[in-house]
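Protein chains in written order, with the working numbering: chain A, 11 to 231; chain B, 163 to 364.
Please read the structure below before turning to the comments.
This is how it looks when you write it as structure tokens:
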């Protein structure tokens with residue numbers, strides 16, 4: 011095999027792998043550099059900049075048909091990355107309080123929120139909703155239905171798409187092994203955060219959270 | 163008696179000692195009041211403020227209703243506690259997280275409204291000054307949820323001014339009561355159904 015033929019085979023294999031990896035994800039149409047920069051800026055605007063504190067009315071549809079209604083207080087910071095989350099009953103009884111910076115610290119956990127799995131999962135969901143994925147996107151462009159999209163590779167088998175729709179809504183989607191795992195849909199509101207956020211987790215046990223904003227405060231240290 | 167106390171420059175509270183508190187509350191059949199609840203947490207820049215109303219009828223019926231920020235109603239009647247939470251599609255019964263703890267809190271409130279602050283063996287109650295009651299859970303497991311409760315009695319017999327529930331040193335819930343009506347009639351349906359309020363109320 012000549013050197014050029016070997017290079018072509020490697021490229022073909024890479025191309026096939028890329029196609030396989032992107033199956034199930036919307037096709038991203040490449041745009042010129044100027045439009046790509048504008049798209050990346052639009053994608054970054056989806057996430058709160060700096061340090062913010064949100065209080066939400068949370069309606070949770072959990073696996074097994076269970077429903078829960080909670081008040082969630084979330085403090086998020088993107089530089090450095092830090093999450094402080096408190097979940098309480100609507101009457102104000104604190105059921106869960108945890109902080110995640112370089113490590114996870116659980117300050118308080120009351121049944122049914124007293125497992126480490128719940129704490130890790132909750133922090134992961136909050137990170138997904140409020141914090142921009144690490145690093146620069148692997149690509150930025152538009153989807154076939156006209157959404158601006160920035161694609162981030164977050165691990166070997168996971169990709170996050172941040173999409174800004176023409177109707178001023180945005181979507182954040184996470185794909186793992188070609189399948190949609192988690193999705194956020196909300197309205198862009200850079201001043202104070204979205205009034206409503208819908209979060210859907212598909213796997214391993216599906217659940218849905220509807221978040222209604224009670225208050226948003228930017229924190230300036 | 164109150165006049166004598168007034169001239170002696172002692173507040174005419176219904177406090178002083180447990181017997182006096184019980185005695186002053188003995189005639190209470192119904193109470194209704196508005197309340198403002200502040201949730202304080204170390205993390206919170208501003209407290210979360212909830213507004214609502216409650217209705218009590220002796221011996222053990224209670225309606226605890228929040229108007230904002232989330233509409234919800236807790237009903238305690240005939241020994242049963244139910245929670246209903248408002249949403250875009252109306253009120254829906256919810257037996258979700260924390261209901262069991264709230265059931266204990268509601269049962270405790272009905273005792274207080276009858277002037278019974280020492281009757282629950284799960285708490286150690288002490289009277290500080292004339293009108294402040296401090297309750298500390300005896301059970302270690304429960305004290306992880308609630309560390310202590312402070313109740314400030316009003317000068318008006320039967321009326322509680324504030325209740326503060328401490329979950330930790332910097333995490334507490336303060337409830338202030340106002341527009342308190344005693345023995346002015348509270349209809350039965352308030353405790354049986356979520357849809358009705360007292361006649362004449364908006």
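No residue lacks a Cβ here, since even glycine has one placed at the ideal position from N, Cα and C.
Model, not experiment: these values are computed from the prediction.
Query	Result
Supposed contact pair residue 56/A and residue 172/A - C-beta distance, whole angstroms, cut 8 Å	6 Å
Under the three-state DSSP convention, the category residue 351/B falls into	helix
One or two residues paired with residue 180/A in a DSSP bridge	174/A, 196/A
Straight-line Cα distance separating residue 156/A from residue 348/B	59 Å
Candidates 332/B, 258/B, 304/B, 217/B, of which the one nearest residue 355/B by Cα	217/B
Residues sharing a beta bridge with residue 201/B, DSSP	210/B, 335/B
Minimum length 4: unbroken alpha helix (DSSP H) runs contained in the segment 231-297 of chain B	261-275
Rounded separation between residue 78/A and residue 208/A - CA only	15 Å
Buried or exposed by the 16-neighbour rule on C-beta atoms within 10 Å, applied to residue 33/A	Caution is warranted here: a pLDDT of 42 is assigned to residue 33/A, below 50, making its placement in the model unreliable, and the coordinate value is therefore given only provisionally. Per the 10 Å Cβ criterion, exposed.
Spatial distance of residue 140/A from residue 120/A (CA atoms)	25 Å
CB contact flag (residue 224/B, residue 353/B, <9 Å)	yes
Where residue 37/A falls: helix, strand or coil (DSSP)	coil
Residue 103/A - DSSP class collapsed to helix/strand/coil	coil
Where residue 225/A falls: helix, strand or coil (DSSP)	strand
Within chain A, partners of residue 146/B - CB distance below 9 Å	One cannot answer for residue 146/B here, as it falls past the ends of chain B, which runs 163 to 364.
Residue 201/A to residue 286/B span [Cα, whole Å]	49 Å
Cβ shell of residue 244/B (< 7 Å), same chain only, five flanking positions each side left out	237, 255
Contact under 9 Å by Cβ, residue 231/A with residue 91/A	no
Residue 313/B beta carbon less than 9 Å from that of residue 331/B	no
Closer than 9 Å to chain B by CB, residue 122/A	yes
CB-CB length for residue 63/A against residue 229/A, believed under 8 Å	6 Å
Proximity below 9 Å, CB of residue 248/B to CB of residue 232/B	yes
Interface flag, residue 263/B vs chain A, CB-CB below 9 Å	yes
Residues near residue 143/A by beta carbon distance below 8 Å, same chain, minus five either side	162, 164, 170, 172
Interface residues of the segment 180-203 of chain B facing chain A [CB-CB below 7 Å]	199, 201, 203
One or two residues paired with residue 118/A in a DSSP bridge	107/A
Inter-stretch contact (C-beta, 8 Å, three-pair minimum) for the segment 187-203 of chain A and the segment 43-50 of chain A	no
Range of the contiguous beta strand (DSSP E) that encloses residue 68/A	61-71
Residues near residue 132/A in its chain [Cβ-Cβ closer than 7 Å; skip 5 each side]	95
For residue 154/A, three-class secondary structure by DSSP	coil
Where residue 221/A meets chain B, residues with beta-carbon distance less than 9 Å	The premise fails here: residue 221/A is roughly 12 Å from chain B at the closest Cβ pair, so nothing lies under 9 Å.
Residues near residue 97/A by beta carbon distance below 6 Å, same chain, minus five either side	80, 82, 105, 106
Cβ-based neighbour list, residue 216/A, same chain, cut-off 7 Å, excluding 5 preceding and 5 following	73
Cβ-Cβ distance between residue 118/A and residue 329/B below 9 Å	yes
Own chain, CB closer than 6 Å to residue 153/A, minus 5 neighbours either side, in chain order	36, 159
Buried versus exposed call for residue 319/B [16 or more other C-beta atoms within 10 Å across all chains shown]	buried
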